[in-house]
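Each residue of the sequence shown is one higher than the one before, starting from 229 at the first, in the working numbering.
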Amino acid sequence: MNTFNQILRIAFFLVLAVFGAIMAFIFMASTAIAVAVLYVVALVKGRPFGARAYWTQRHQPRGNKNTFKNKDVVDVEMREIH
Numbered sequence: 229m230n231t232f233n234q235i236l237r238i239a240f241f242l243v244l245a246v247f248g249a250i251m252a253f254i255f256m257a258s259t260a261i262a263v264a265v266l267y268v269v270a271l272v273k274g275r276p277f278g279a280r281a282y283w284t285q286r287h288q289p290r291g292n293k294n295t296f297k298n299k300d301v302v303d304v305e306m307r308e309i310h
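Below is the structure:
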């Protein structure tokens, strides 16, 4: 009976290992597809694709951008909640 339990444990472990390997493969494949899509989009838009280009683009000083385009905003409506 002890041998039978060990065989069941080994079989269960192997099924879990195979299932985990399949999940890892699916994750790697979906990541590769996502990176390929991002590369094609960057290529079509004419932008460089890579971490360094992304970092330099995101950390450029942008100057004083005014959040409110309309200068006529002078009032705020408030309500009291009782």
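Ideal placement from N, C-alpha and C gives every residue a C-beta, glycine not left out.
As the structure is a computational prediction, the values presented were derived from the model and not from experiment.
Beta-carbon gap between residue i and residue j smaller than 8 Å
| i | j | result |
| --- | --- | --- |
| Leu266 | Phe277 | yes |
Boundaries (first-last residue) of the alpha helix (DSSP H) holding residue i
| i | result |
| --- | --- |
| Arg307 | Here Arg307 belongs to no alpha helix (DSSP H), and DSSP marks it neither H nor E. |
| Gly248 | 230-273 |
| Gln285 | 279-286 |
Own chain partners of residue i with C-beta closer than 7 Å, once the 5 adjacent residues on each side are dropped
| i | result |
| --- | --- |
| Ser258 | none |
Residues near residue i by beta carbon distance below 6 Å, same chain, minus five either side
| i | result |
| --- | --- |
| Val263 | none |
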